[in-house]
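Numbering (my numbering), first residue to last: 20 to 405. A quick write-up on the structure given underneath.
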């Protein structure tokens, strides 16, 4: 029976190591653009909150709407991918990010800011199924872990860019950061015109295997999403309110975590190739529990700030592991990839909304402490397969 996985279905225009690096890089550039748009509000919220007169609960609504929009758009992108191919969905995602950036940059209240987050979520969600499938096709058959690690690095670089723009926006004006984010999306859209790749060969993948989608890849990704879209968006707000940091300093702390995530992604990819994704996920979860509880429970100081940066960086390393598992189990099916991402993002949306709502009433500290224990799930479910 022929192997029809997306990793082995790439055309012959590859480098010596089996990776089509030019197209690979351009896809990663689009990933960077939509992720910058998706992540901009988190470091900018403390400043935007004061100017627009928003509350912590309003932040929970905005973050929750963003994440819910990503989840819905993942399903749309997966279904669209099966009919049109990945390039169309990738280009549409950058257009949505451009629109969201303009709306956010001109927002005058919560309503317009929420609409902007809907478009930002649409951009990120439309991109993911096509981007993941195309990256798998462009990588060589023996480079899966490496490919997912580098793909994840594009995400981490985008998080760093968003955090740096947040730091600049805290002192120069938060609206400027959204205008710059929109400009990055314009550049990515233009660059995507140079990507050349054939349509996915083989028959229609058939119906979605919901049992596979609901399995381990989604569990690993969901835990990462709870931390990424639930806990981390409130890190800068926590640093300002609890530790007394200035808004720009809090944004730079988040930027430091994004830099850490670049190394964490590469380590996760290499670890998944060497010891397997299951054991790699277990080890990552232990680090996340320790550092998550550390930055929430310890008093402010250099050690606590370093722990917070390590936590923010290590969270991202769960996603290459989850993506590798997804590609191996149902990577040819765009709808399955969309459903997989949508499910995990849905958990993130609920986490972001709940943390904002409950944190407004009882304080962020106890809520974030509970959220920091979420990775404990992986210690049990990711026992190595026998």
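Backbone N, C-alpha and C define an ideal beta-carbon position, used for all residues, glycine too.
Nearest-angstrom Cα distance between residue 75 and residue 252?
-> Position 56 of the chain shown, counting from 1, holds the residue named residue 75. Position 233 of the chain shown, counting from 1, holds the residue named residue 252. So the alpha carbons of these two residues sit roughly 11 Å apart.
Identify which residue in 96, 297, 83 has its Cα closest to the Cα of residue 135.
-> Counted from its first residue, the chain shown places residue 135 at position 116. Of 96, 297, 83, the residue nearest in Cα terms is 83.
If you draw a straight line from the C-alpha of residue 361 to the C-alpha of residue 54, how long is it?
-> For the purposes of this step, residue 361 is taken as residue 342 along the chain shown, with counting starting at 1. For the purposes of this step, residue 54 is taken as residue 35 along the chain shown, with counting starting at 1. C-alpha separation (whole angstroms): 16 Å.
Contact set for residue 376: own chain, Cβ-Cβ below 8 Å, skip 5 residues either direction | The residue given as residue 376 occupies position 357 in the chain shown. Here the set comprises 76, 79.
DSSP three-state call for residue 392: helix, strand or coil?
-> The residue given as residue 392 occupies position 373 in the chain shown. Residue 392: coil per DSSP, three-state reduction.
Run the CB neighbour count on residue 246, radius 10 Å, all protein chains shown included, and call it buried at 16 or more, exposed below.
-> Start at 1 with the first residue of the chain shown, and residue 246 comes out as number 227. Burial call: buried.
Stretch pair the segment 205-213 + the segment 48-63: three plus CB contacts closer than 8 Å | yes
Taking only the alpha-carbon atoms, compute the straight-line gap between residue 358 and residue 97 and give it to the nearest angstrom.
-> Taking the first residue of the chain shown as position 1, residue 358 is located at position 339. Taking the first residue of the chain shown as position 1, residue 97 is located at position 78. About 7 Å.
Classify residue 317 as buried or exposed, calling it buried when 16 or more other Cβ atoms lie within 10 Å of its own Cβ.
-> The residue you call residue 317 lines up with position 298 of the chain shown. By the neighbour-count rule (16 or more Cβ atoms within 10 Å), residue 317 is not buried but exposed.
For residue 396, I'd like the list of residues in its chain whose CB is within less than 8 Å of its CB, leaving aside the five on either flank, ordered along the chain.
-> Within the chain shown, residue 396 is the residue found at index 377, counting from 1. Hits under 8 Å: 238, 242, 304.
Given residue 328, which residues of its chain have a CB within under 6 Å of its CB, disregarding the five upstream and five downstream residues?
-> In the chain shown, residue 328 corresponds to position 309, counting from 1. Result list for residue 328: 275, 276, 279, in chain order.
So, using beta-carbon positions, are residue 41 and residue 154 closer together than 8 Å?
-> Start at 1 with the first residue of the chain shown, and residue 41 comes out as number 22. Start at 1 with the first residue of the chain shown, and residue 154 comes out as number 135. Against a cut-off of 8 Å, the Cβ pair of residue 154 and residue 41 comes out as no contact.
Range covered by the alpha helix (DSSP H) that runs through residue 110 | If you number the chain shown from 1, residue 110 lands on position 91. Residue 110 -> alpha helix (DSSP H) spans 105-124.
Grab me the residues of residue 45's own chain with a C-beta within less than 7 Å of its C-beta, minus the 5 sequence neighbours each way, in chain order.
-> Position 26 of the chain shown, counted from the start, is the residue given in the question as residue 45. For residue 45, where only same-chain residues beyond five positions count, the Cβ hits under 7 Å are 210, 211, 213, 214.
Using alpha carbons as the reference points, say which of 259, 149, 248, 125 lies closest to residue 366.
-> Residue mapping note: residue 366 aligns to position 347 of the chain shown, counting from 1. Taking only the C-alpha atoms, the option nearest residue 366 is 248.
If you draw a straight line from the alpha carbon of residue 186 to that of residue 334, how long is it in whole angstroms?
-> Position 167 of the chain shown, counted from the start, is the residue given in the question as residue 186. Position 315 of the chain shown, counted from the start, is the residue given in the question as residue 334. Computed Cα separation, rounded: 21 Å.
Going by C-alpha distance, which of 261, 128, 352 is nearest residue 387?
-> One-based indexing of the chain shown puts residue 387 at position 368. Of the candidates 261, 128, 352, the one whose C-alpha sits nearest the C-alpha of residue 387 is 261.
Roughly how far, in whole angstroms, is the beta-carbon of residue 91 from the beta-carbon of residue 144, given that I think they are within contact range, below 8 Å?
-> Here residue 91 refers to the residue found at position 72 of the chain shown. Here residue 144 refers to the residue found at position 125 of the chain shown. At roughly 7 Å, the Cβ-Cβ gap stays under 8 Å, so residue 91 and residue 144 are in contact.
Residues in its own chain within less than 6 Å of residue 363 by CB, not counting five upstream and five downstream?
-> Numbered from 1 along the chain shown, position 344 holds the residue referred to as residue 363. Excluding residues within five positions, the ones whose Cβ falls inside 6 Å are 237, 240, 241, 244.
7 Å CB neighbourhood of residue 176 in its chain, flanking five on each side removed | As a position in the chain shown, residue 176 is number 157, starting the count at 1. Hits under 7 Å: 51, 281.
May I have a chain-ordered list of the alpha helix (DSSP H) segments no shorter than 4 residues that lie completely inside the segment 144-204?
-> 163-191
Between the C-alpha atoms of residue 65 and residue 58, what's the straight-line distance to the nearest angstrom?
-> For this step, residue 65 is matched to residue 46 along the chain shown. For this step, residue 58 is matched to residue 39 along the chain shown. C-alpha separation (whole angstroms): 14 Å.
If we call anything under 8 Å between Cβ atoms a contact, is residue 345 one with residue 356?
-> Looking up residue 345 in the chain shown gives position 326. Looking up residue 356 in the chain shown gives position 337. Against a cut-off of 8 Å, the Cβ pair of residue 356 and residue 345 comes out as a contact.
Under a Cβ-count criterion, where at least 16 other Cβ atoms within 10 Å of its own Cβ denotes burial, should residue 266 be classed as buried or exposed?
-> In the chain shown, residue 266 corresponds to position 247, counting from 1. With 16 or more Cβ atoms within 10 Å of its Cβ, residue 266 is classed as buried.
Sort 190, 352, 141, 167 by Cα distance to residue 269 and report the nearest one.
-> Numbered from 1 along the chain shown, position 250 holds the residue referred to as residue 269. Cα-wise, what sits closest to residue 269 is 190.
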